Each structure stands twice: as structure tokens, then as C-alpha cells.
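Chemist: All the letters of the sequence shown, read from the start, carry residue numbers 24 to 538 under the working numbering. All residues carry an ideal CB built from backbone N, CA and C; glycine is no exception. Computed from a prediction, not measured in an experiment: that's the story for all the values here.
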Amino acid sequence: MAAFLSLPIEMKENVFAFIRQMPRMTTICLAWREWRKLMASKLIHIRRGVQGHGMPCDKDVETVVQFLIGALPRNNLVMFSSELALRTSFVLNLVQCHQTLRTLNVQIRSADSRSPPGLTTIADAEWISPLLDNITTLSIWLGTNGSFHRSSNFLIRSAPKLRELTLKGGERVAPFVHRDRLLSPFGHVNLGDPQTLRLSRLALVAIDFTEHTTTLVKYLDMSYLQNHRIIRCRSILHLLAALATQLTDASCDLRSFDVCPTRVPTADEELVCAIEGLIENAHGLRNTWVDVGKGRLTGPSPIQQHGASLRNLALCKAQDSDMLHICAMDLTSMLEASPLLKGLALNLGPVDLGDIKDLSIEFDLDSPDGTATCKTNFVATLDAIASHHRLQALRMLTLPIIDYGYATNPTASNGTAIEDSHVYMTQITMLNFATEIFRYLYKRGSTIKYLAVAPACIHEFTRPKKDENGHQWPWYYYVRSRTVDVRGMQEVVALPATYLREEMPVDAQILFHPF
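(1) Can you check whether the CB of residue 297 is closer than 9 Å to the CB of residue 338?
(2) Check each candidate in 348, 37, 122 and name the one with the smallest Cα separation from residue 373.
(3) Could you check if residue 419 is buried or exposed, using at least 16 other CB atoms within 10 Å of its CB as the buried criterion?
(4) Helix or strand or just coil, what does DSSP make of residue 296?
(5) Excluding the five sequence neighbours on either side, which residues of its own chain have a C-beta within less than 6 Å of the C-beta of residue 102, listed in chain order?
(6) Taking C-beta to C-beta, are residue 124 and residue 100 nearer than 9 Å?
(7) Per DSSP, which residues does residue 366 bridge with? Please list them.
(8) Residues in the same chain with beta-carbon distance under 6 Å from residue 235, minus the five sequence neighbours each way, listed in chain order, please.
(9) DSSP has residue 210 in a bridge; who is on the other side?
(10) State yes or no: is the C-beta of residue 162 within less than 9 Å of the C-beta of residue 104?
(11) Buried or exposed: which applies to residue 489, given that a residue is buried once 16 or more other Cβ atoms fall within 10 Å of its Cβ?
(12) Can you tell me which of the three DSSP states residue 37 falls into?
(13) Can you have a look at residue 299 and say buried or exposed, based on whether 16 or more other CB atoms are within 10 angstroms of its CB?
(14) Going by CA-CA distance only, name the one from 248, 509, 443 that's closest to residue 485.
(15) Checking 9 Å against the spacing of the C-beta atoms, do residue 365 and residue 301 come in under that value?
(16) Terminal residues of the continuous beta strand (DSSP E) containing residue 279?
(17) Taking C-beta to C-beta, are residue 477 and residue 463 nearer than 9 Å?
(18) Could you tell me whether the Cβ atoms of residue 335 and residue 371 are closer together than 9 Å?
(19) Excluding the five sequence neighbours on either side, which residues of its own chain have a C-beta within less than 6 Å of the C-beta of residue 540, listed in chain order?
(20) To which residues of the same chain is residue 307 closer than 6 Å at the C-beta, ignoring the five residues directly before and after it?
(21) For the region 429-465, which segments carrying the alpha helix (DSSP H) assignment without a break, of at least 4 residues, lie completely within its bounds, in sequence order?
(22) Need the endpoints of the alpha helix (DSSP H) that residue 251 sits in, please.
(23) Thinking residue 269 and residue 240 are a contact (beta carbons under 8 Å), I'd like their distance in whole angstroms, please.
(24) By the three-class DSSP mapping on this structure, what secondary structure does residue 310 have?
(25) Starting from residue 377, trace the beta strand (DSSP E) in both directions and tell me its first and last residue.
(26) Ignore the nearest five residues each way along the sequence and tell me which others in residue 456's own chain have a CB closer than 7 Å to its CB.
(27) Is the Cβ-Cβ distance between residue 358 and residue 445 less than 9 Å?
(28) Which value, in whole angstroms, describes the spacing of the CA atoms of residue 271 and residue 259?
(29) Indicate the three-state DSSP secondary structure (helix, strand or coil) for residue 201 in the structure shown.
(30) Beta-carbon within less than 7 Å of residue 109's beta-carbon, same chain only, minus the 5 sequence neighbours each way: which residues are those?
(31) Relative to the C-alpha of residue 355, which candidate in 262, 425, 151, 408 has its C-alpha closest?
(32) Using the rule of at least 16 other Cβ atoms within 10 Å of the residue's Cβ for burial, across every protein chain shown, is residue 31 buried or exposed?
(33) Report the three-state DSSP secondary structure of residue 30 (helix, strand or coil).
(34) Hey, could you find the ends of the alpha helix (DSSP H) residue 92 is sitting in?
(35) Could you pull the DSSP bridge partners for residue 104 from this structure?
(36) At which residues does the beta strand (DSSP E) containing residue 353 begin and terminate?
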């Protein structure tokens with residue numbers, strides 16, 4: 024099939040013209056550098072009520088995108104997402120041209136002497152608030168500057184239909200309450216009667232709750248909250264306790280809860296207890312990802328309480344270099360109490376695949392040879408997993424031990440990656456490893472069809488190049504398949520999954536979480 028760039032200019036223009044004729048077209052993806060030369064005549068058309076005109080565009084991405092938004096038919100966009108820090112004027116132009124926006128993910132640039140006035144300064148005029156009436160999903164980047172909190176507060180207050188909210192602190196943890204102004208993204212902390220939000224989904228990423236730890240709770244109507252994520256946030260102990268108290272109300276219907284604390288130097292038993300307390304007070308959790316940092320793994324009792332409703336479960340200890348694995352007995356009790364469980368992610372016991380040059384060809388889970396301790400821990404966990412006859416997806420949060428000849432063995436927990444020279448040998452090794460796991464589970468009646476060997480990475484490191492299957496260390500994904508050997512007999516094999524979203528089920532999202 025010919026590449027799009029190799030097509031004649033006339034054919035490219037016809038493609039763009041065809042796209043513009045679709046009456047319900049709400050999203051257009053532009054990925055070619057010379058899009059202006061070919062698309063300007065198609066984007067700006069007199070029949071669309073827009074007069075063609077020329078304007079200079081510099082190399083600034085924000086300027087180019089702003090020009091494109093202005094060229095599109097008004098009130099056509101329903102979603103806009105950007106990881107760039109945008110000027111206030113850009114955001115105002117966006118919401119003015121497209122009042123149909125339902126999803127907005129923006130980071131408003133911090134106000135300074137060279138920037139236009141802050142969003143709330145311009146927004147004193149009542150004409151801006153109605154532009155946000157249709158927004159239901161909002162994702163906002165916070166910072167240490169008070170202008171971030173003012174802008175976020177205005178966006179949240181001006182969206183009456185808001186149901187899903189994400190607050191992100193970026194690489195640096197951002198304070199939930201600005202110290203000098205005592206302002207949170209939801210309003211002033213000393214406000215007597217705060218506006219209560221009826222959110223169905225709330226995600227907090229890299230937020231610092233060191234001060235005013237329980238302020239968040241007074242802004243939430245917990246009876247509406249169904250999905251809550253607390254990722255890499257600081258000082259969340261008292262916040263978890265406050266949330267747990269609110270969840271005791273029978274009207275609360277929290278269905279999904281994910282927690283992954285920020286890096287801590289030592290184990291925090293109080294934090295683990297707070298996490299367990301929140302899970303115990305919830306009613307009928309369906310999905311949960313629990314990362315305890317360096318603390319002990321969550322006990323089986325809180326998980327068993329949700330056995331009748333649980334669909335996806337992840338028990339993680341990503342910050343522990345030893346990667347303590349779950350006890351097979353505890354896992355068995357949790358699986359027996361969760362008959363509807365479909366997705367499982369956990370740290371399995373260590374397993375040694377030997378030298379990378381061996382490609383794990385001789386690795387055999389049914390063989391009596393090998394180190395007894397390693398085999399027992401790993402196999403006992405697989406036996407417990409195989410006993411559950413509704414599990415469809417399994418994610419291993421620990422990498423197998425492979426001897427690369429490095430001074431430090433590459434693992435996701437210590438920040439050491441493999442070299443590009445070992446990418447293809449690792450590809451074959453992991454494929455053989457996944458095939459052996461699928462065969463072992465299948466022989467014991469397991470229904471697992473999807474396997475991921477993908478640690479929850481917490482370290483920043485330079486990752487190697489992708490292999491021929493599209494996998495990039497340390498994340499590998501496989502689908503169970505069958506092949507016919509030379510004897511004409513069918514046997515189970517692992518088939519690499521390259522296009523994850525298409526090849527794996529929607530309800531197995533637990534396989535893809537990067538945290």
C-alpha cells in the first residue's frame with residue numbers, strides 16, 4: 024500500500040476535500056509539515072462562511088494551532104487536549120470559537136510581565152462564563168504560582184455540567200492550596216459556604232497535601248463520586264482518612280479507586296492502614312489499583328470484602344527494590360472470594376531465565392530442574408491464578424531475572440535499562456517466557472488470554488529502542504494463540520500484541536496503567 028506522502032498532490036487535495044464534506048466531522052488530525060500549502064484552500068472555503076486570507080505563521084506551535092482553530096467551522100470541536108503551556112488569549116479564543124467543547128485539557132501559562140492578563144482578570148466580565156456551559160470533562164495543570172490556582176478555580180466554577188476532573192502538578196509536585204493566597208482550585212479555603220461539586224470522576228496527580236490536608240473533602244459531594252485516583256501525591260495520609268470517613272455513608276457508590284503514593288525513603292505503615300481503611304469503608308468496588316510504595320502489601324481482608332463486585336485488581340509495591348511478592352495462600356483466598364474477577368496485576372515471585380544468550384529456550388515450568396525456591400514461589404502463584412476460571416488478563420509487575428552481564432541487573436525499580444544491543448535477544452527471550460506461562464496455565468484449565476509483563480515504572484531512565492514487535496523494554500504484551508507443530512498437533516503459543524487497544528479488551532485497562 025502506498026504511503027500517504029507519496030501520493031500526488033491532487034489526490035491529497037481530494038482526500039482533504041472529502042473530509043471537509045462530512046457534516047458530522049468534529050476532529051481533524053494534521054500531521055504533515057506542509058499542511059498549509061495543500062489544506063488552506065480546503066479548510067478555508069467560502070461555502071463555510073470563512074473568507075480566505077493569508078497571515079504569517081512563525082514556527083511557534085501555539086500560533087499555528089490557534090490559526091487552525093480559527094479556520095475550522097465554529098462550534099465544531101467537542102474535545103481539545105494540549106500538554107503545552109498556553110497563553111490566556113489562546114484559551115479565550117478557543118472557548119469563544121467552539122462553545123460546543125465538552126472535554127478540555129489545558130495548562131494555562133503563568134502570568135508575568137510579558138504575558139496577557141490572567142484568566143480571572145479578563146473573566147470579570149460575565150461574557151466568558153457561559154462559554155464553558157457544555158464542558159463535562161476538565162483536566163488542569165497546576166503550578167506553584169498563584170495564577171494557576173486562580174485560573175483553575177475560575178474554570179471549575181464556570182462549568183456547571185462538570186462531572187470529570189483531573190488536577191495535575193506536572194514534574195514538580197504542586198500544592199493543593201497556595202500558601203500565600205490560601206486559594207485551592209476549588210475556592211478560598213476560608214470560604215464559609217463552598218461550592219459543592221458533583222463529580223463522578225476525580226483524579227489527583229502530583230499534588231501536595233502537606234497543608235490543609237482535608238480541605239478537598241468539603242468541596243465534594245461523595246454520593247456522586249464513582250472513580251477516584253490519587254497518583255504520586257504527597258502527604259495523603261489524612262486525606263485518605265477523611266475520604267474513608269465520608270465513604271461510610273450508604274449513599275456513596277465508589278466503584279473504582281487507584282492509589283500510588285509519591286516516593287518515600289522508608290516504609291509507612293500508617294499509610295498502608297489508611298489505604299486499607301478506605302477500601303474497607305467503600306461499598307462494592309469494581310476496580311482498584313493499590314500501590315503501597317515501600318510498605319507491606321495490602322492484606323486479603325479488605326479485598327475479600329468486595330469480592331462479589333470486583334472486576335479488576337492490582338496489588339503493587341513498585342518502590343521496593345526487592346519487589347516483595349504476594350503470598351500464594353493470600354492470593355488464593357482473594358481469588359476464591361472474587362468469582363467475577365477478570366483482570367489481575369501483581370508482583371510474582373522471582374524467576375531466573377539465565378543468560379540472555381540462552382534466550383530462555385530451555386526454560387520449562389514443568390521441569391523438576393532448577394532452583395527449588397524460585398520455582399516454588401513462582402509456580403505456586405501461577406497455580407493459584409489458574410484455579411480461577413474467569414480471569415482473562417494477567418499483568419506481571421516484576422521482570423524475570425536475566426543475566427545481561429551488567430554490573431547492575433536491569434529492573435524498572437532501580438532505574439537501570441537494557442542496552443540497544445540486547446533489544447532483539449530480549450524480544451525472543453520474553454516471547455519464549457510468555458509462551459511457557461500460557462502453556463502452563465492452559466494445561467491447568469486457566470482462561471487467561473492476555474498477558475502483560477509490564478512493571479509499574481517509577482524511575483526516569485532512557486529506554487532502549489523498540490523491538491520488531493513494537494515493544495519497548497520493560498513493557499511486553501501478548502495474546503494467547505495456537506499453532507500447529509511438525510506433527511500436526513496444536514499447541515499454545517504467545518502472540519505479541521502490537522496494537523494494544525485493538526487487540527486487547529476494553530475491560531482489561533489494568534494491563535496498560537503506566538504507574
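Modeler: Taking the geometry as given:
(1) In the sequence shown, counting from the first residue as 1, residue 338 sits at position 315. In the sequence shown, counting from the first residue as 1, residue 297 sits at position 274. Not a contact, by the Cβ cut-off of 9 Å.
(2) Residue 373 sits at position 350 when you count from the first residue of the sequence shown. With distances taken between Cα atoms, residue 373 lies closest to 348.
(3) Walking along the sequence shown from the start, residue 419 turns up at place 396. It counts as buried.
(4) In the sequence shown, counting from the first residue as 1, residue 296 sits at position 273. Correct three-state label for residue 296: helix.
(5) By 1-based counting over the sequence shown, the position of residue 102 is 79. Correct list, in chain order: 126.
(6) Translated into positions along the sequence shown, residue 124 becomes position 101. Translated into positions along the sequence shown, residue 100 becomes position 77. For residue 124 and residue 100, yes; Cβs fall inside 9 Å.
(7) Translated into the one-based positions of the sequence shown, residue 366 becomes position 343. Note: residue 366 sits in a beta bridge opposite 335, 416.
(8) Counted from its first residue, the sequence shown places residue 235 at position 212. Counting only Cβ-Cβ distances below 6 Å, and skipping sequence neighbours, we find 200, 212.
(9) Taking the sequence shown and counting its residues from 1, the one referred to as residue 210 is at position 187. For residue 210, which the question treats as bridged, DSSP gives the partners 207.
(10) Taking the first residue of the sequence shown as position 1, residue 162 is located at position 139. Taking the first residue of the sequence shown as position 1, residue 104 is located at position 81. A contact, by the Cβ cut-off of 9 Å.
(11) By 1-based counting over the sequence shown, the position of residue 489 is 466. Looking at its Cβ environment, which holds fewer than 16 other Cβ atoms inside 10 Å, residue 489 is exposed.
(12) Counting from 1 along the sequence shown, the entry for residue 37 is found at position 14. Here residue 37 sits in helix by DSSP.
(13) Working through the sequence shown from its first residue, we reach residue 299 at position 276. With 16 or more other Cβ atoms within 10 Å, it is buried.
(14) Stepping through the sequence shown from its first residue, residue 485 is reached at position 462. Selected option, being the one with the closest Cα: 443.
(15) For the purposes of this step, residue 365 is taken as the residue at position 342 of the sequence shown. For the purposes of this step, residue 301 is taken as the residue at position 278 of the sequence shown. It is not a contact, given that the beta carbons lie outside the stated cut-off.
(16) Walking along the sequence shown from the start, residue 279 turns up at place 256. Start and end: 279-283.
(17) Stepping through the sequence shown from its first residue, residue 477 is reached at position 454. Stepping through the sequence shown from its first residue, residue 463 is reached at position 440. With respect to the 9 Å criterion, residue 477 and residue 463 are not classified as neighbours on the basis of their beta carbons.
(18) Along the sequence shown, one-based indexing puts residue 335 at 312. Along the sequence shown, one-based indexing puts residue 371 at 348. Between residue 335 and residue 371, the C-beta gap is not smaller than 9 Å, which leaves the two residues out of contact.
(19) For residue 540 there is no data in the structure shown, the boundaries of the chain being 24 and 538.
(20) Translated into positions along the sequence shown, residue 307 becomes position 284. The answer, listed in chain order, is 332.
(21) none
(22) As a position in the sequence shown, residue 251 is number 228, starting the count at 1. Run containing residue 251: none in the alpha helix (DSSP H); it sits in the beta strand (DSSP E), 250-254.
(23) Position 246 of the sequence shown holds residue 269. Position 217 of the sequence shown holds residue 240. That belief holds up - the Cβ atoms of residue 269 and residue 240 are roughly 6 Å apart, short of 8 Å.
(24) Start at 1 with the first residue of the sequence shown, and residue 310 comes out as number 287. Strand at residue 310.
(25) Sequence index remark: in the sequence shown, residue 377 carries index 354 (1-based). In the DSSP annotation of this structure, the continuous segment of the beta strand (DSSP E) that includes residue 377 starts and ends at 375-378.
(26) Working through the sequence shown from its first residue, we reach residue 456 at position 433. Same-chain partners within the cutoff: 376, 383, 386, 423.
(27) Taking the sequence shown and counting its residues from 1, one reaches residue 358 at position 335. Taking the sequence shown and counting its residues from 1, one reaches residue 445 at position 422. The Cβ atoms of residue 358 and residue 445 lie no closer than 9 Å to each other.
(28) Within the sequence shown, numbered from 1, the residue matching residue 271 stands at position 248. Within the sequence shown, numbered from 1, the residue matching residue 259 stands at position 236. Rounded to the nearest angstrom, the two C-alpha atoms are 19 Å apart.
(29) Along the sequence shown, one-based indexing puts residue 201 at 178. If DSSP states are grouped into helix, strand and coil, residue 201 belongs with the strands.
(30) Here residue 109 corresponds to residue number 86 of the sequence shown, with the count starting at 1. The residues are 85, 129, 130, 131, 132.
(31) Translated into positions along the sequence shown, residue 355 becomes position 332. Residue 408 is the option with its Cα nearest to residue 355.
(32) What you label residue 31 is simply residue 8 of the sequence shown in a count that begins at 1. Exposed, by the Cβ-count rule.
(33) As a working note, residue 30 is residue 7 in the sequence shown. Secondary structure of residue 30 (DSSP, three-state): coil.
(34) As a working note, residue 92 is residue 69 in the sequence shown. 84-94 is the span of the alpha helix (DSSP H), which, as asked, contains residue 92.
(35) Looking up residue 104 in the sequence shown gives position 81. Looking at the DSSP assignment, residue 104 forms a beta bridge with 128.
(36) For this step, residue 353 is matched to residue 330 along the sequence shown. Here residue 353 belongs to no beta strand (DSSP E); instead the alpha helix (DSSP H) covers 351-359.
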